[in-house]
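Taking it in order: structure first as structure tokens, then the write-up.
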Amino acid sequence: MLKLDINGEIHEVDADPDTPLLWVIREWVGLTGTKYGCGIAECGACSVHIDGVVRRSCSIAAGSVTAAKIVTIEGLSADGLSHPVQAAWLQHEVPQCGYCQSGQIMAAAALLHEKPNPTEADVAQVISNICRCGTYQRIKAAIDTAAALTVASPANGKA
Amino acid sequence: MNHTIQLGRRSFLTSVAAVGGGLSLGWSIPKAAAQSANGAELGIWAVIQPDDTTIIRIARSEMGQGTLTGLAQLVADELDADWRFVKAEYVAPEVNLANKRAWGDMSTGGSRGIRASVDYVRKGGAVGRAMLIEAAAKQWGVPAGECSAAMSVITHKPTGKRLRYGEIAAEAAKLTPPTDVKVKTPAEWTLIGRGVKRLDTPDKLSGKTVFAIDVRLPNMLSAAIAQCPVFGGKLKSFDASKVSAMKGVQKVVQVDDSTVAVVADKWFLAKTALAALPIVWDEGPNATVNSKQIDELLKTGLDAKEAALGQRHGDIDAALAGAASKVEAVYGTQYQNHATLEPMNCTAKWDDGKIEIWVGSQNGDASLAAAAEAAGVRLDAVIVHKHHLGGGFGRRGQQDYVRQAVLIAKQIPGRPVQLIWSREEDMQHGFYRPITQCKLTAGLDAQGNVTGLHARISGQSILAYLAPQRMENGVDRVAFQGWTPEEFGYMAIPNLLIDHAVRNTHVPVGFWRGVNTNQNALYMECFIDEVAHAAKQDPLEFRRSLMTKNPKHLAVLNAVAERASWGTPLPKGVYRGIAQNGGFGSYTAAVAEVSVSTKGELKIHRIVCASDPGHVVNPDQVAGQIEGSFVFGLSSVLFSKITIDKGRVEQSNFNDNQVMRLADMPKVESVLVPSGGFWGGVGEPTIAVAGPAVLNAIFAATGKRIRALPLSPADLRAA
Chain A
52 MLKLDINGEI HEVDADPDTP LLWVIREWVG LTGTKYGCGI AECGACSVHI DGVVRRSCSI
112 AAGSVTAAKI VTIEGLSADG LSHPVQAAWL QHEVPQCGYC QSGQIMAAAA LLHEKPNPTE
172 ADVAQVISNI CRCGTYQRIK AAIDTAAALT VASPANGKA
Chain B
2 MNHTIQLGRR SFLTSVAAVG GGLSLGWSIP KAAAQSANGA ELGIWAVIQP DDTTIIRIAR
62 SEMGQGTLTG LAQLVADELD ADWRFVKAEY VAPEVNLANK RAWGDMSTGG SRGIRASVDY
122 VRKGGAVGRA MLIEAAAKQW GVPAGECSAA MSVITHKPTG KRLRYGEIAA EAAKLTPPTD
182 VKVKTPAEWT LIGRGVKRLD TPDKLSGKTV FAIDVRLPNM LSAAIAQCPV FGGKLKSFDA
242 SKVSAMKGVQ KVVQVDDSTV AVVADKWFLA KTALAALPIV WDEGPNATVN SKQIDELLKT
302 GLDAKEAALG QRHGDIDAAL AGAASKVEAV YGTQYQNHAT LEPMNCTAKW DDGKIEIWVG
362 SQNGDASLAA AAEAAGVRLD AVIVHKHHLG GGFGRRGQQD YVRQAVLIAK QIPGRPVQLI
422 WSREEDMQHG FYRPITQCKL TAGLDAQGNV TGLHARISGQ SILAYLAPQR MENGVDRVAF
482 QGWTPEEFGY MAIPNLLIDH AVRNTHVPVG FWRGVNTNQN ALYMECFIDE VAHAAKQDPL
542 EFRRSLMTKN PKHLAVLNAV AERASWGTPL PKGVYRGIAQ NGGFGSYTAA VAEVSVSTKG
602 ELKIHRIVCA SDPGHVVNPD QVAGQIEGSF VFGLSSVLFS KITIDKGRVE QSNFNDNQVM
662 RLADMPKVES VLVPSGGFWG GVGEPTIAVA GPAVLNAIFA ATGKRIRALP LSPADLRAA
């Protein structure tokens, strides 16, 4: 049995320790907001926070993060909309199909946590998640807005 | 199936379990077009609840393009509903079927979501408003003509009496729907043309949207599949005993003659066991085919005598023979995969002779039919749960994954089975954008005027592969997208020939966002640039001179040139390129600004795009489609390709089939110039102009013409 702290709740699952965290989250724990896109850490649809750092959960063994605090999109904010990144995403109407957006939002939230005022180069370097609908322009704009919101309300920036 | 429905005789009222005792307004608006080969065009359905909640039913599929919101805007505008109360829900395909397809065509492709349903959905909204007004007038004992509706409230003007829609909807639903309603004029629109917020956004921010891959059902199993890597090959044998004891494995099943699946408690366990499953393939006669051979095959078409005619006018042979000078070039593109970020998947449950599926599909009707056929049951033994799509781009118009899920579920009765393709299966078993080459030849007179143009496509036909019954005497009309007389922007060229030497391969091809306008616009717009250069003319002025018979194209070209300040100085090292195209019922043009470093590194700084789709339903969403279409299109121009070796796809994932990422994203500016009077497509038309605009800017920067796409790994260092 593996013990995982996901969104502040302890989950005991009967997965093997080398099972990728993505599949434990989706299939053992049952949280489906974190997505499968490639399985090789290329696309970022599976992005989650592990001790505050964004990681691609498809390529992390669940057994290696039993001591960590894991946050998924479901745990980013209480109502699913009030994190500054989510609020900015809504304002800019970022999503199209939406499939990659959990990962994009988690990546952006972690970036802003580390760098509250990222430069354009920071954003281009850190946000490498794939969006096939091509929402990148709005992601950039929304990160700028979220940065402003985060500065205005720093307590919200932590996830 | 060609149902002829008599006008006004068959108004139906289907009951729904509306929450809170609200009643449904049902109507049908048959019209002459109902007799067309495309099937019946009928009304849709709104449900108004006592609290004014207005549920608008949607037959098309939401895959990111915003059609759910756009269609709801069309209905709600005519209904005079307050947008704050509007919600949308899908029409279930089996309900559509049982009502003789009253909600019309569910197919969502070809940028038709809005433009092909705009008439009947707006009439549907107008009928609802008329019924609400009539019911209110009746209750007040006043003439309906003295009442008006706005923001989900009916007002009796002389007395100032008011009724909310929620208060009168139950009475209104008892009335016979009128058949003679008029829709609003554009001047009367209140929601059409407004950038209202999408209805599906909040759930996409919180992870709550349930895509088909997120469906969780009691006792559900999961399946991972392997399909013969060589197209056309077969499954010879597999040794289930080697994996049957592995953790979670329930069953190893043959799906069809080229596919095997492992079914397990979890998908990860199914995939792990599949990787360990010994499989022997009969790779068949295609196992030696490679991309080089395919390129050679296509070359044979460039000068072949036999070719399918797209369009011609004048005498191209005489024009070219008598030309003072000629320009000739050969362009080529590779296969492209859709690579929707949500991999193909479908959940199916076979129980007591009935099949139930949960799916993201671009065509609910087709999914229902595919499930019935695979299960061997009548159409009315199928239930389809439609989910939002994690990307479509044309791929989810095909039903192969639905058929597979049903074939697996039939072997495990009573338990739902969720089939998920790995990304590798998705990359290697697509319906790829067809590979084509194009030879273009232009004749010029001594003054540099174009006297003749011949564009010869050589390459694969989508219809020959997917719908041979739609081939017309060997002609695939889809191959000429953007180049039909209605779409082609240079009809003033006095002698014109456009034709297609069909060269098919064993590689499956299909509809890929923008379809053949991608290749055709790239070929034509880069070539026109070459001809302008040969004629020593400015690319914009040269195009204008060829567009005297195409005022709509020209207006859009002028709009983009103006916004992009064509002809004005740019920062040092930055160069412009321009392109225009007609397609999917709309007109588009773009100006790209790029720089190329001394090391040959390309940077796209900015692209301005102008579009005339006739009417714009939601300008913010149209802008989003322009931005997104540029990413999808430019990925194929810059990096992405699918190549063939040993009969199979060489690429397997996003590591070896690169797509555009945020760091590659230029600033995109949208200029909407709707000229009114028609409804054009939005999701696809603009995709075609990004590539040629960028390539023409690269030529301006480097003097290099890139004619073999994708661009990577071409050397862009200055010659």
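First to last, the protein sequences are chains A and B.
Read in order, the letters of the first sequence are residues 52 to 210 in the numbering used here.
Read in order, the letters of the second sequence are residues 2 to 720 in the numbering used here.
For glycine and all other residues, C-beta sits at the position ideal for the given N, C-alpha and C.
- For B:V407, the nearest beta carbon of chain A is not closer than 8 angstroms to its own beta carbon.
- Two segments are said to touch when three or more pairs of C-beta atoms, one from each, lie closer than 8 angstroms; by this definition the stretch 195 to 202 of chain A does not touch the stretch 673 to 693 of chain B.
- If you look at B:F528, you'll find it in the alpha helix (DSSP H) that goes 518 to 535.
- Contact note: A:K166 does not reach chain B at a C-beta cutoff of 9 angstroms; the least C-beta distance is about 16 angstroms.
- Between B:G110 and the set B:V516, B:E95, B:E168, B:I409, the nearest pair of CA atoms involves B:V516.
- The Cβ-Cβ distance between B:F640 and B:A691 does not fall below 8 angstroms.
- Under DSSP, B:N346 forms a beta bridge with B:I421.
- With a cut-off of 8 angstroms on Cβ pairs, the stretch 322 to 340 of chain B is in contact with the stretch 436 to 444 of chain B, counting three or more such pairs.
- Here B:Y121 carries a helix assignment [DSSP, helix/strand/coil].
- About 53 angstroms separates the Cβ atoms of B:Q228 and B:T186, ruling out a contact at the 8 angstroms cut-off.
- Short of 7 angstroms from the beta carbon of B:R471, and not among the five residues preceding or following it, lie these beta carbons of its own chain, in chain order: L464.
- The beta carbon of A:L132 sits closer than 8 angstroms to those of A138, L141, all from its chain and outside the five residues before and after it, given in chain order.
- Secondary structure of A:C148 (DSSP, three-state): coil.
- Nearest CB-CB separation between A:L141 and chain B: below the 8 angstroms threshold.
- For a Cβ distance threshold of 7 angstroms, residue set N654, N656 of chain B lies close to A:I91, ordered along the chain.
- Under a 10 Å Cβ-count criterion, B:S598 is classified as exposed, with fewer than 16 other Cβ atoms of the shown protein chains found around its own Cβ.
- Flagged as an interface residue toward chain A: B:S207, by a C-beta distance shorter than 8 angstroms.
- B:K553 is the residue among B:D78, B:K553, B:G146, B:T289 whose C-alpha sits nearest the C-alpha of B:E487.
- In the three-state scheme derived from DSSP, where H, G and I count as helix and E and B as strand, B:A468 is classed as coil.
- Here B:G392 is buried. Its C-beta has 16 or more other C-beta atoms within 10 Å.
- Around the beta-carbon of B:G323, fewer than 16 other beta-carbon atoms lie within 10 Å, marking it exposed.
- Residue state for B:P509 is assigned as coil, using DSSP reduced to three classes.
- The straight-line gap separating the alpha-carbon atoms of B:V92 and B:V595 is approximately 46 angstroms.
- When rounded, the separation of the alpha-carbon atoms in B:A443 and B:L498 is 10 angstroms.
- Residues T334, T437 of the same chain have their beta carbon placed closer than 6 angstroms to that of B:Q520, with the five preceding and five following residues left out of the count.
- B:E670 is classed as buried because its beta carbon has at least 16 other beta carbons within 10 Å across all chains shown.
- A Cβ-Cβ separation of about 15 angstroms leaves B:L547 out of contact with B:A562 under the 8 angstroms criterion.
- In the structure shown, B:F633 adopts helical secondary structure according to DSSP, grouped into three states.
- Scanning chain A for C-beta atoms nearer than 9 angstroms to the C-beta of B:Q66 yields Q147, C148, C184, reported in chain order.
- Within the same chain, Cβ atoms closer than 8 angstroms to the Cβ of B:G677 are found at P187, G615, H616, the five residues on either side in sequence being excluded.
- Residues of the same chain with a CB within less than 8 angstroms of the CB of B:K550, apart from the 5 flanking positions on each side, are M492, A493 in chain order.
- Its Cα nearest to that of A:E63, the residue A:T117 stands out among A:T170, A:H134, A:T117.
- The stretch 154 to 198 of chain B contains, as complete alpha helix (DSSP H) runs of 4+ residues, the segments 166 to 173 (chain order).
- When Cβ-Cβ separations below 8 angstroms define contact, A:E63 makes no contact with chain B.
- The distance from the Cβ of A:S179 to that of B:L321 is about 49 angstroms, inconsistent with a contact at the 8 angstroms cut-off.
- Here the C-alpha atom of B:V87 lies approximately 22 angstroms from the C-alpha atom of B:E135.
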